[in-house]
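Enquirer:
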Amino acid sequence: MATTYNLKRADFIFRNENDWEKILNRTLQRDKTELINELISSELKGRGGAGFPTGLKWKLASESKVQEKFIICNADEGEPGTFKDREILTKVPFKVLSSMAICAYIIGAKQGIIYLRGEYRFLKPDLEKTISEFEYYCNEINFDFKIKIFMGSGAYICGEETALFESMEGKRGEPRNKPPFPTNAGYMDKPTVINNVETLAHTFTIFKYGATKFYDLGVQFSRGTKLFSVSGDTPKPGIYELELGMSLQDFVDEFGDGDTKAVQVGGASGFLVPRKRFGETAIGFRGKLTGISLPTGGSMMLFNSSRSMFNVLDNYLEFFREESCGQCTPCRVGCQQLLIGIKAVKQGSKPASYLDKLLKLTETMQYTAKCGLGQSVANSFSSIVENFREEMIY
Amino acid sequence: MNPTQELITNLADQYGRNREQLLPILQGVVEKEKFLSDYSMIEIARELDIPAAEVYGTATFYSFLEYKQMGTYIIRVCKTITCSMKGKNQILLTIKDMLKIGVGETTPDRKFSLLETNCLGWCHKAPAMLINDEIFTELTPEKVRGILTEYLKK
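Heads up: the sequence lines are chains Z and B, in that order.
Under our numbering, the first residue of the first sequence carries the number 1, and numbering increases by one thereafter.
Under our numbering, the first residue of the second sequence carries the number 1001, and numbering increases by one thereafter.
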């Protein structure tokens, strides 16, 4: 299998969408099982960060006998350093809408919903126009499907799928226990497929070009391409579509400013990789043959040697403290204590060894927090504290 | 019927009176009145026939649903890592200097409120800020002065 990690640019997502009517119409004629199998064989995994196999998700939802089902597009893009979903919804919205319709066809849903974060409200008027054009076409081909936009109101946690359902049901955006999973009981306790914007855009590519085309990109366990949101200390910040599986070293060679000290992969809930590990780190999903492999929602933040990692961690922890929904104790109290703790070490009111206690606390949070937010605080905390311990103390 | 009651009734007519419509209704009130007063939350509860505490609980969860009196223009400066590295503090200082208010404060004429917010999703064009729904990116103190001068004229 190809295990070359060279950086390979691709151009699928933002390629023109003028043929969406043709692709949609053609796909809606096809057999449902065949479509699911095609999606499964492409090995597309969710592009929001968690990486659940998309084909399997659709399959599970399609198997439910419940009459009313939903397809939700998760556009609550809140992870620090991520801005690709907005670009997709601006440039190629028909791809996303078409994929929602195809999913609706497969699972048997009549209603699609786009959960758009409050910070992107300025997208709403244009998106509404696009949706009415899209619905007009669906009506023309006698396909019964409606899409509406639901606006968020500035809560990072609502990107978590079950918190998103709660929010849509008019409640506080507090994550639910799993199981039941959304494919059984999601929005309004009905079977729901919820996909990230980018995932839906990729499914369009798959149904347009076939699963093989997608599968041939990337490396084993990490098939296809991914949009990367590149920011921080880089001469060329922006959005880039790259094949999965490249080494971080190649990435830094391409996007770094020559003085890159560390890269935060996957946003504040992801991992910080220091310079000495660039060579051994690959970007993709877990299970790759060599080296460390980091999944990512696509956020790549570069830091050069002028940046203090203490300030970086301090900024992340403040973010988590504010965005924790407060429902479970490990996350609510944990985030507060971590922030107080690193400040105390920095000021000298606690000894350096206190950092080890804090590391233990993040471990506890990893095991006991209810959702991904509390569980993933440990990622950035431990990767920063372990690799830049001296900066935390002095 | 006073204006707030009328607004809430209209919103409920438009969206419906189910619990699922609570967020759109809250957003509608904030859009018009800039914040959710205790009175409007109680009225929404009455209109939807749910406990006022539930409305309060939901409303206070979301950072864009203000429950304190806000200015006509709410300025939200992104404070997350990249914006912070690329000069967010200079942007804040410029705004504070021009409007003579600190973070969390509103000008006496209730025209502007200044807030810090978490990642707005413009890290590649940092620093960024929102004024109501309008986004401004790649800010410099000069640019901010220009933008605010325009808003001061409004």
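All C-beta atoms in this analysis are idealised placements derived from N, C-alpha and C, irrespective of residue type, glycine included.
1. How many angstroms separate the CA atom of Z:ASP257 from the CA atom of Z:ASN37?
2. Return the residues of the segment 1014-1044 of chain B that lie within a Cβ-Cβ distance of less than 9 Å from chain Z, sorted by chain order.
3. In whole angstroms, what separates the C-alpha of B:ARG1017 from that of B:GLU1047?
4. Work out the CA separation of B:GLN1069 and Z:GLU77 for me, nearest whole Å.
5. Would you list the one or two residues that DSSP bridges to Z:SER229?
6. With H, G and I counted as helix, E and B as strand and the rest as coil, what does DSSP make of B:LEU1148?
7. Taking 8 Å as the threshold (C-beta atoms), are Z:GLN111 and Z:PHE150 in contact?
8. Using a beta-carbon distance below 8 Å, is B:ASP1133 in contact with chain Z?
9. To be precise: take each residue of the segment 141-175 of chain Z, compare its Cβ to all Cβ atoms of chain B, and keep it if any distance is under 7 Å. Which residues remain?
10. Taking Cβ to Cβ, would you say Z:ALA163 is nearer than 8 Å to Z:CYS325?
11. Quick check on the DSSP output: what are the complete beta strand (DSSP E) runs of length 3 or more inside the segment 1027-1082 of chain B, in order along the chain?
12. Determine the chain Z residues that contact B:ALA1053 at a beta-carbon separation under 7 Å, and present them in chain order.
13. Compute the distance between the beta-carbons of Z:LEU317 and Z:ILE342, then report whether it is under 8 Å.
14. Where does Z:PRO182 sit, in a helix, a strand or coil, going by DSSP?
15. Answer with yes or no whether the minimum CB distance from Z:GLY238 to chain B is below 8 Å.
16. From what residue to what residue does the alpha helix (DSSP H) around Z:GLU169 run?
17. Along the segment 33-66 of chain Z, where does the CB come closer than 7 Å to a CB of chain B? Name the residues.
18. Three or more beta-carbon pairs under 8 Å between the segment 221-235 of chain Z and the segment 29-48 of chain Z, yes or no?
19. Could you name the residues of chain Z that B:ASN1118 contacts, counting a contact when the two beta carbons are closer than 7 Å?
20. Skipping 5 residues on each side, what residues in its chain have a beta carbon closer than 6 Å to that of B:GLN1090?
21. Identify the contact partners of Z:ARG86 in chain B, using a Cβ-Cβ distance below 8 Å as the criterion.
22. Assign Z:LYS59 to buried or exposed, taking buried as 16 or more other Cβ atoms, counted over all protein chains shown, within 10 Å of its Cβ.
23. From what residue to what residue does the beta strand (DSSP E) around Z:CYS331 run?
24. Starting from Z:VAL273, follow the beta strand (DSSP E) in both directions and report where the run begins and ends.
25. Along the segment 1085-1097 of chain B, where does the CB come closer than 7 Å to a CB of chain Z? Name the residues.
26. So which of Z:LEU7, Z:ILE23, Z:GLY51, Z:ASP11 has the shortest CA-CA distance to Z:LEU210?
27. Name the chain B residues that come within less than 7 Å of Z:THR192, Cβ to Cβ?
28. Give a yes or no on whether the minimum CB-CB distance between Z:ASN139 and chain B is below 8 Å.
29. Use the C-beta contact count for B:LEU943: other C-beta atoms within 10 angstroms, 16 or more gives buried, fewer gives exposed.
30. Have a look at Z:ARG176 and B:VAL1103 and give me their C-alpha separation to the nearest angstrom.
31. Anything in chain B within Cβ reach of Z:PHE122, meaning under 7 Å, just list it in chain order.
32. If we cut at 8 Å on Cβ distances, does Z:VAL396 have a partner in chain B?
33. Does the beta carbon of Z:PRO399 sit closer than 8 Å to a beta carbon anywhere in chain B?
34. Using the Cα positions of Z:ARG307 and Z:THR281, report the straight-line distance between them to the nearest angstrom.
35. Would you call Z:PRO93 buried or exposed, if buried means 16 or more other Cβ atoms sit within 10 Å of its Cβ?
36. Which residues of chain B have a Cβ atom closer than 8 Å to the Cβ of Z:PRO80, listed in chain order?
Expert: Concretely, from the data shown:
1. 43 Å
2. ASN1018, ARG1019, GLU1020, GLN1021, LEU1022, LEU1023, PRO1024, ILE1025, LEU1026, GLN1027, VAL1030
3. 7 Å
4. 28 Å
5. Z:ILE239, Z:SER299
6. helix
7. no
8. yes
9. MET151, SER153, GLY154, ALA155, TYR156, SER167, MET168, GLU169, GLY170, LYS171, ARG172, GLY173
10. yes
11. 1073-1078
12. Neighbours of B:ALA1053 on chain Z: none; closest Cβ ~12 Å, over 7 Å.
13. yes
14. coil
15. yes
16. No alpha helix (DSSP H) holds Z:GLU169; DSSP gives it neither H nor E.
17. none
18. yes
19. TYR156, PHE319, GLU322, GLU323
20. PRO1141
21. GLY1121
22. buried
23. First-last for Z:CYS331: 329-347, but that is the alpha helix (DSSP H), not the beta strand (DSSP E).
24. 271-274
25. MET1085
26. Note that residue 210 of chain Z is Gly in the sequence shown here, rather than Leu. If we check each option's Cα against that of Z:GLY210, Z:ILE23 comes out closest.
27. Near Z:THR192 there are no residues of chain B at all, since even the closest Cβ is about 14 Å away, more than 7 Å.
28. no
29. Residue 943 of chain B lies beyond the range of chain B shown here (1001 to 1154); nothing can be said about it.
30. 34 Å
31. ASP1133, GLU1134, ILE1135
32. The structure shown does not extend to residue 396 of chain Z, since chain Z spans only 1 to 394, so no value can be given for it.
33. Given a span of 1 to 394 for chain Z in the structure shown, any question on residue 399 of chain Z remains unanswerable.
34. 22 Å
35. buried
36. THR1080, ILE1081, THR1082, ASN1118, CYS1119, CYS1123
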